[in-house]
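See below for the structure under consideration.
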Amino acid sequence: MSYFTYILYSATLDKFYIGSTSDLLDERLRRHNSNHSGFTGKANDWELVYKEEFPLKSAAQKREKEIKAWKSRKRIELLIRSVE
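Adding 1183 to a residue's 1-based position in the sequence shown gives its number in this note's numbering.
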């Protein structure tokens, strides 16, 4: 089983969302874009802009926390551009 750390972007909100999952990323994105409560429920135009794959759930969660701890939009944008 694979685990992912991912970054979504909403043009409407001009915000990033960072998460981790064991789900297929297309399915996870679909759920983020459906009507629900929570941060990503504020918009329905989320797009996947970055992903990393890990063999262990703990590694994906660790990377998610690492990226969230940056609290720097510029650093997140640099990470995204590094794989384009």
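Built from N, CA and C at the ideal position, the CB exists for glycine as well.
This structure is a prediction, so every number in the text was calculated from the model and none was measured.
Distance, Cα to Cα, residue 1257 vs residue 1199?
Along the sequence shown, one-based indexing puts residue 1257 at 74. Along the sequence shown, one-based indexing puts residue 1199 at 16. Answer to the nearest angstrom: the Cα atoms are 11 angstroms apart.
For residue 1229 and residue 1223, I'd like the C-alpha separation in whole angstroms. Translated into the one-based positions of the sequence shown, residue 1229 becomes position 46. Translated into the one-based positions of the sequence shown, residue 1223 becomes position 40. Cα-Cα distance, rounded: 8 angstroms.
query = Does DSSP put residue 1231 in a helix, in a strand, or in coil?
reply = Position 48 of the sequence shown, counting from 1, holds the residue named residue 1231. Residue 1231 falls in the strand class under three-state DSSP.
request  = Return helix, strand or coil for residue 1195, following the three-state DSSP convention.
outcome  = In the sequence shown, the residue the question calls residue 1195 occupies position 12. It is coil, neither helix nor strand.
>> Below 8 angstroms, how does it come out for the stretch 1237 to 1254 and the stretch 1206 to 1215: are there three or more Cβ pairs, yes or no?
In response: No, because fewer than three Cβ pairs between the stretch 1237 to 1254 and the stretch 1206 to 1215 fall closer than 8 angstroms, the two stretches do not touch.
Check: Are residue 1196 and residue 1212 closer than 8 angstroms when you measure CB to CB?
Finding: Against the sequence shown, residue 1196 aligns to sequence position 13. Against the sequence shown, residue 1212 aligns to sequence position 29. Contact flag unset, no.
Pull the bridge partners of residue 1255 from the DSSP assignment, please. For this step, residue 1255 is matched to residue 72 along the sequence shown. In DSSP, residue 1255 forms no bridge with anything.
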